[in-house]
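Worksheet for the structure shown next.
There are 2 protein chains.
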Amino acid sequence: MKKQDKACAAFGRRVRSLRESKGWSQEDFADRIGIHRTYIGGIERGERNPTLTTIHKIARALGVKPAELL
Amino acid sequence: MKKQDKACAAFGRRVRSLRESKGWSQEDFADRIGIHRTYIGGIERGERNPTLTTIHKIARALGVKPAELL
Numbered sequence: 095m096k097k098q099d100k101a102c103a104a105f106g107r108r109v110r111s112l113r114e115s116k117g118w119s120q121e122d123f124a125d126r127i128g129i130h131r132t133y134i135g136g137i138e139r140g141e142r143n144p145t146l147t148t149i150h151k152i153a154r155a156l157g158v159k160p161a162e163l164l
Numbered sequence: 095m096k097k098q099d100k101a102c103a104a105f106g107r108r109v110r111s112l113r114e115s116k117g118w119s120q121e122d123f124a125d126r127i128g129i130h131r132t133y134i135g136g137i138e139r140g141e142r143n144p145t146l147t148t149i150h151k152i153a154r155a156l157g158v159k160p161a162e163l164l
């Protein structure tokens with residue numbers, strides 16, 4: 095696994111953990127952010143490489159600072 | 095300015111400040127990261143929306159944690 099892939103995988107695990115701690119399904123979460131559910135699934139599995147603005151959107155929805163997701 | 099644009103602008107200012115503190119030109123920096131100089135310029139001006147893996151590459155080159163750039 096490349097360093098970049100590791101970064102995406104670690105980010106995805108963090109997002110999943112925070113989302114689950116709120117008791118939200120991927121669908122609930124996708125609705126809050128305005129991103130498609132399958133995209134959230136891809137992020138959580140580390141298959142997607144989110145942009146800075148998507149990282150900010152996700153952080154805002156989870157009520158954490160963007161830096162806490164990295 | 096949208097929240098997203100603000101996020102990119104703040105990121106760009108932070109990158110420029112750290113790069114300049116090392117005395118590197120955009121060209122020096124671009125060579126270290128393996129990203130084109132004009133792309134670095136766009137990031138520093140907040141015109142580009144970098145991905146998570148690009149944020150990691152930039153942080154590694156600057157010797158900081160990715161979270162410190164956000």
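In order, the protein sequences belong to chains A and B.
Heads up, the first sequence is in my numbering, so the first residue is 95 and it goes up one at a time.
Heads up, the second sequence is in my numbering, so the first residue is 95 and it goes up one at a time.
For glycine and all other residues, C-beta sits at the position ideal for the given N, C-alpha and C.
These figures come from a predicted structure and were not determined experimentally.
Asked	Found
Less than 8 Å between the CB atoms is what I'm expecting for Arg131 (chain A) and Glu121 (chain A), so what's the real figure, rounded?	5 Å
Using a Cβ-Cβ distance cut-off of 7 Å, determine whether Ala101 (chain B) contacts chain A.	yes
Would you call the CB atoms of Ile137 (chain A) and Phe123 (chain A) closer than 7 Å?	no
On the CB-based measure, 16 or more other CB atoms within 10 Å of its CB, does Lys159 (chain A) come out buried or exposed?	exposed
Check the C-beta distance from Pro144 (chain A) over to Leu146 (chain B) and give it rounded, since I have them as a contact under 8 Å.	5 Å
Using a C-beta cutoff of 7 Å, does Thr145 (chain B) count as contacting chain A?	yes
Assuming Ala103 (chain A) contacts Gly140 (chain A) under a Cβ cut-off of 8 Å, what Cβ separation, rounded to an integer in Å, is found between them?	3 Å
Looking only at its own chain, which residues have a Cβ that is under 8 Å from the Cβ of Gly128 (chain A), when we skip the five neighbours before and after it?	Lys151
Tell me which residues share the same chain as Trp118 (chain B) and place their Cβ nearer than 8 Å to its Cβ, disregarding the 5 neighbours each side in the sequence.	Arg126
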